[in-house]
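*Asks:*
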Amino acid sequence: MHQSTLTNHPHRAATMRYIALCIPLIIASMVLALVTVAEARTLPDESPASSELSHRANTVSVPGASNFVVGSIVGQPQTTRYYDFVVSEMKGAPDGFTKNMLVVNGVFPGPTIEANQGDRLVVKVTNQMSNRTSIHWHGILQNGTNYYDGTAAITECGIPTGESLTYDFLVDTFSGTTWWHPDEPWFLDGTEYTDGIEGALIVHPRSYPPHFPTWDEDLVIELADVYHTFSGIIAAELTGGTGSLSPLEVQFSDSGVINGIGQYNGSTNYFNFDLKPNKTYRLRLINEGSEAEIRFSVDHHPLTVIEADGTLIEPQTVTGVTLGVAQRYSVLITTNQTAEPQGNYWMRAELITLGTLPGSNSDIRGIIRYGNSKSLPTASTDPGVPGSGLSDLDTATLVPAIVKTPPNSTKSYVVHFTLAISTDGGAIAFMNGTSWQPLTNTSTLSQIAQKGQSFAPEGPSVQFGDQFMITEDSIEVVDLLLVNDGPGEHPFHFHGHTPFILGSNTGIFDGTGLNTVNPMYRDTYFVPGTGWLLLRFVTDNPGIWTFHCHIAWHMAIGLLMQINSLPSKAAKFDIPQTIIDQCRV
């Protein structure tokens with residue numbers, strides 16, 4: 001791989017629709033356009049893992065309004081903050097359709113965790129489900145606590161039924177907007193959070209840059225696509241290829257939600273924010289979904305973007321932002337518009353997918369109110385911001401507000417990935433020719449703890465036949481070139497790191513146009529279809545770190561690799577006995 005430069009090509013999320021499963025064998029048999037499935041899902045209503053759920057009461061509720069209002073702890077001294085999570089199986093109807101769900105503390109979305117940078121978080125997770133689980137703290141670097149990263153089969157074996165694990169870690173190197181969710185299960189195909197185990201995680205920084213914008217109140221908006229079929233059933237159909245729907249069609253969602261409330265089959269329930277006029281609000285947007293990109297806007301209100309995945313950015317004002325799965329943005333809005341005489345405005349969350357199911361709804365709405373009326377907004381279609389001359393966010397224009405200059409690279413690796421159809425008709429994904437499968441009765445970190453540096457050789461290797469990883473036992477500055485051999489774009493996430501994005505484009509990488517002056521850095525980013533993405537990161541965080549596509553169904557079919565950093569140091573971790581014992585159950 002050349003060490004020369006490359007073009008930072010604009011990623012225009014509103015026009016570049018990623019194909020949920022980019023497989024020539026599928027696409028050859030389908031119309032290359034937005035697809036409406038002719039028949040509804042004929043998947044079974046229940047699986048052995050979920051059969052007991054049908055006898056549960058419809059008890060899942062939406063958290064109270066305080067769950068979505070943050071900021072009251074800003075300025076408090078550093079402290080330890082304690083949370084208790086109980087994960088259970090329930091019935092719920094977030095969009096009006098009753099379905100089987102997996103939830104934390106009986107609510108969807110789950111409890112918001114809030115901390116100040118430098119705080120210690122202690123979260124006890126008790127598993128009352130019939131399957132194992134784990135909780136990953138997305139974007140938290142876990143420096144020195146890799147064993148609390150919450151990645152089942154990689155950093156732990158998963159919390160067994162009826163048992164608990166207390167995650168205990170500092171939030172000292174990350175600040176901003178993020179979320180928590182299981183990683184890799186159901187169990188272990190990467191889809192548990194599809195059924196409801198997810199929530200916001202907000203970390204307030206010690207300070208903001210001079211002249212950074214200010215706001216009056218701080219709000220959380222959690223967005224997600226919704227599936228009426230239990231995720232374990234969908235994953236089985238996807239990998240087995242035995243259902244009535246193709247591996248592409250089985251990924252289509254039924255609807256979506258804004259802060260746990262959506263509209264399906266005529267439902268008129270909407271999440272409401274009752275705000276004050278002439279105030280500026282920070283909206284922390286999180287895509288906690290499984291497959292769809294989600295475009296967010298507020299009728300007649302310009303949005304000023306100030307954060308992307310925990311990275312503060314130079315403010316820019318737009319009409320809407322599109323979030324890939326697991327991405328986050330903070331935007332500012334001011335409640336000073338007069339287009340709606342009653343002061344009620346639609347929040348819009350448009351699901352962007354390749355296709356739809358019969359009766360599905362991709363136009364999800366909530367309401368912002370700063371008048372005295374409880375009537376619905378009058379606009380039927382999205383009016384945008386008339387007369388503003390603004391457009392949607394182009395992520396290629398993001399500039400970090402805090403300048404960081406990447407060090408010169410010392411190592412370079414190229415990783416190709418693609419999706420295909422297996423011999424049994426199911427979908428399968430490969431990274432450098434290897435399709436990840438979870439280890440059983442052990443984890444990668446357990447193997448490193450036992451074997452240290454001898455577990456895997458330096459550089460790329462494959463362990464146990466299906467664990468593709470790159471190992472570095474010294475601190476290196478790595479350029480990682482991801483090459484997408486399929487036509488659909490993919491949102492990738494790197495645990496334990498916030499890499500620099502040196503460039504991205506379609507076509508063949510030619511090593512030109514590298515941005516090393518003030519490149520964007522974030523933890524979740526798109527690799528364009530039939531294109532590439534170049535990341536630069538430092539292997540200074542000991543542990544085994546997952547690097548994967550964050551479309552849940554693509555994790556389920558193996559689109560995952562691992563970075564094995566400083567294994568000789570990781571082998572000396574004092575791994576909690578509870579985590580060690582998980583693998584013996």
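So in the UniProt record's numbering, spot 564 of the sequence shown is number 564, and the numbers just go up one at a time.
Beta carbons are placed, not taken as given, at the ideal position from N, Cα and C, and that holds for glycine.
Ends of the beta strand (DSSP E) at W346?
*Replies:* As a first step, residue 346 is located in the sequence shown; it is residue number 346 there, counting from the start. N344 to I352 is the extent of the beta strand (DSSP E) around W346.
*Asks:* Spatial neighbours of K99 within its chain, please: C-beta separation below 6 Å, excluding the five flanking residues on both sides.
*Replies:* As a position in the sequence shown, residue 99 is number 99, starting the count at 1. H228, listed in sequence order.
*Asks:* Can you check DSSP and say which residues form a bridge with T239?
*Replies:* Residue mapping note: residue 239 aligns to position 239 of the sequence shown, counting from 1. Partner(s): none; T239 has no beta bridge.
*Asks:* Are G310 and G176 touching if we call contact CB-CB under 7 Å?
*Replies:* Residue 310 sits at position 310 when you count from the first residue of the sequence shown. Residue 176 sits at position 176 when you count from the first residue of the sequence shown. Yes, the Cβ-Cβ distance between G310 and G176 is below 7 Å.
*Asks:* Suppose contacts are defined by Cβ-Cβ distances below 7 Å. Is N146 in contact with G433 by that definition?
*Replies:* As a first step, residue 146 is located in the sequence shown; it is residue number 146 there, counting from the start. As a first step, residue 433 is located in the sequence shown; it is residue number 433 there, counting from the start. It is not a contact, given that the beta carbons lie outside the stated cut-off.
*Asks:* Suppose the cutoff is 6 Å on Cβ atoms and the five residues either side in sequence are ignored; what does the same chain contact list for E52 look like?
*Replies:* Against the sequence shown, residue 52 aligns to sequence position 52. Annotation note: pLDDT 37 at E52 (below 50); position unreliable, no value reported.
*Asks:* Does Y193 pass the burial test, meaning 16 or more other C-beta atoms within 10 Å, or should it be called exposed?
*Replies:* Along the sequence shown, read from residue 1 onward, the residue named residue 193 stands at position 193. Flag for Y193 reads buried.
*Asks:* Decide if V123 is buried, meaning its Cβ has at least 16 other Cβ atoms within 10 Å, or exposed.
*Replies:* As a position in the sequence shown, residue 123 is number 123, starting the count at 1. So V123 ends up on the buried side.
*Asks:* For the 8 Å Cβ check, are there 3 or more pairs between the stretch 230-244 and the stretch 107-121?
*Replies:* In short, these stretches do not touch, since the Cβ pair count stays below three.
*Asks:* Do you know how far the Cα of T191 is from the Cα of residue 622?
*Replies:* In the structure displayed, the chain extends from 1 to 585; residue 622 sits before or after that span and is not available.
*Asks:* What residue range is occupied by the uninterrupted alpha helix (DSSP H) comprising Q437?
*Replies:* Position 437 of the sequence shown holds residue 437. Segment: none, Q437 is in no alpha helix (DSSP H) and carries neither H nor E.
*Asks:* Can you pull the DSSP bridge partners for I313?
*Replies:* Residue mapping note: residue 313 aligns to position 313 of the sequence shown, counting from 1. I313 is bridged to P400.
*Asks:* So, at 7 Å on beta carbons, what are the nonlocal neighbours of V171 in its own chain, with the 5 sequence-adjacent residues on each side left out?
*Replies:* Counted from its first residue, the sequence shown places residue 171 at position 171. Cβ neighbours of V171 beyond the five flanking positions: A115, Q117, D119, L121, I140 and V203.
*Asks:* Count the other C-beta atoms from every protein chain shown that fall within 10 angstroms of the C-beta of V403, then say buried if there are 16 or more, exposed otherwise.
*Replies:* Against the sequence shown, residue 403 aligns to sequence position 403. Exposed, because fewer than 16 other Cβ atoms sit within 10 Å of the Cβ of V403.
*Asks:* Output yes or no for whether 7 Å exceeds the beta carbon distance between T410 and E476.
*Replies:* Taking the sequence shown and counting its residues from 1, one reaches residue 410 at position 410. Taking the sequence shown and counting its residues from 1, one reaches residue 476 at position 476. For T410 and E476, yes; Cβs fall inside 7 Å.
*Asks:* If I'm right that R282 touches L219 with Cβ under 8 Å, what's the distance once you round it to whole angstroms?
*Replies:* By 1-based counting over the sequence shown, the position of residue 282 is 282. By 1-based counting over the sequence shown, the position of residue 219 is 219. Rounded, the Cβ-Cβ distance is 7 Å, consistent with contact.
*Asks:* At the level of alpha carbons, what is the spacing between C549 and H181?
*Replies:* In the sequence shown, the residue the question calls residue 549 occupies position 549. In the sequence shown, the residue the question calls residue 181 occupies position 181. Whole-angstrom Cα-Cα distance: 15 Å.
*Asks:* Could you say if the stretch 386-400 and the stretch 456-468 meet the contact criterion of at least three C-beta pairs nearer than 8 Å?
*Replies:* Output reads no: the stretch 456-468 does not touch the stretch 386-400.
*Asks:* Which whole-angstrom value is the C-beta distance of L238 and W553, which I expect to be below 8 Å?
*Replies:* On the sequence shown, position 238 is the one that residue 238 refers to. On the sequence shown, position 553 is the one that residue 553 refers to. Yes, they are in contact, since the Cβ atoms of L238 and W553 sit about 6 Å apart, within 8 Å.
*Asks:* Can you give me the Cβ contacts of Q76 inside the same chain, cut-off strictly under 7 Å, excluding the 5 residues immediately before and after it?
*Replies:* Taking the sequence shown and counting its residues from 1, the one referred to as residue 76 is at position 76. Excluding positions up to five away in sequence, the list reads N116.
*Asks:* Rounded to the nearest angstrom, what separates Q128 and Q582 at their Cα positions?
*Replies:* Position 128 of the sequence shown, counting from 1, holds the residue named residue 128. Position 582 of the sequence shown, counting from 1, holds the residue named residue 582. One C-alpha to the other measures close to 15 Å.
*Asks:* Considering just the uninterrupted stretch of the alpha helix (DSSP H) at M555, what are its terminal residues?
*Replies:* Sequence index remark: in the sequence shown, residue 555 carries index 555 (1-based). That run of the alpha helix (DSSP H) goes A552 to A556.
*Asks:* With a cut-off of 8 Å, do at least 3 Cβ pairs link the stretch 519-526 to the stretch 493-511?
*Replies:* Output reads yes: the stretch 493-511 touches the stretch 519-526.
*Asks:* Quick check on the DSSP output: the beta strand (DSSP E) that includes T578 runs from which residue to which?
*Replies:* One-based indexing of the sequence shown puts residue 578 at position 578. Looking at the DSSP string, T578 is not in any beta strand (DSSP E); the run it does join, the alpha helix (DSSP H), is Q577 to Q582.
*Asks:* With 16 as the cutoff for other CB atoms within 10 Å, does S47 come out buried or exposed?
*Replies:* The residue labelled residue 47 in the question sits at position 47 within the sequence shown. Low confidence applies here, because S47 scores a pLDDT of 34, under 50, leaving its location unreliable and the question unanswered by this model.
*Asks:* Taking 7 Å as the limit between beta carbons, can you name the residues of its chain near P383, skipping five residues before and five after?
*Replies:* Along the sequence shown, read from residue 1 onward, the residue named residue 383 stands at position 383. Contacts found: D299 and H300.
*Asks:* Please specify which runs of the beta strand (DSSP E), each continuous and at least 3 residues long, are wholly inside the UniProt domain "Plastocyanin-like" (217-372), giving them in chain order.
*Replies:* Qualifying beta strand (DSSP E) stretches, in chain order: 217-226, 255-258, 271-274, 280-287, 293-298, 303-308, 311-318, 321-323, 328-334, 344-352 and 363-369.
*Asks:* Taking DSSP's pairing of strands, which residues face W180 in a bridge?
*Replies:* Here residue 180 is taken as the residue at index 180 of the sequence shown, counted from 1. W137 and G199, per the DSSP bridge assignment.
*Asks:* Is there contact between the stretch 259-267 and the stretch 285-297, where contact requires at least three CB pairs shorter than 8 Å?
*Replies:* At 8 Å Cβ cutoff, the stretches do not touch.
*Asks:* Is it right to say I508 is buried, meaning 16 or more other beta carbons lie within 10 angstroms of its own, or is it exposed?
*Replies:* Position 508 of the sequence shown, counted from the start, is the residue given in the question as residue 508. I508 is exposed by the Cβ-count criterion.
*Asks:* Using alpha carbons as the reference points, say which of A429, Q467, Y83 and S435 lies closest to T442.
*Replies:* Taking the sequence shown and counting its residues from 1, the one referred to as residue 442 is at position 442. Among A429, Q467, Y83 and S435, the Cα nearest to that of T442 belongs to Q467.
*Asks:* Taking the straight line between their C-alpha atoms, what separation do you get for E198 and P63?
*Replies:* In the sequence shown, the residue the question calls residue 198 occupies position 198. In the sequence shown, the residue the question calls residue 63 occupies position 63. Taking the straight line from one Cα to the other gives about 12 Å.
*Asks:* Once DSSP output is grouped into helix, strand and coil, what is the label at residue 596?
*Replies:* This structure does not reach residue 596, given that the chain is present from 1 up to 585, and the question cannot be answered.
*Asks:* Which residues bound the alpha helix (DSSP H) around I448?
*Replies:* In the sequence shown, the residue the question calls residue 448 occupies position 448. T444 to K451 is the extent of the alpha helix (DSSP H) around I448.
*Asks:* I'd like to know whether the C-beta atoms of G196 and V103 end up nearer to each other than 7 Å.
*Replies:* What you label residue 196 is simply residue 196 of the sequence shown in a count that begins at 1. What you label residue 103 is simply residue 103 of the sequence shown in a count that begins at 1. Yes, the pair counts as a contact, with Cβ atoms nearer than the cut-off.
*Asks:* Roughly how many whole angstroms lie between the Cα atoms of L332 and L303?
*Replies:* Residue numbering aside, residue 332 sits at position 332 when the sequence shown is read from its first letter. Residue numbering aside, residue 303 sits at position 303 when the sequence shown is read from its first letter. Looking at the two C-alpha atoms, the distance is approximately 6 Å.
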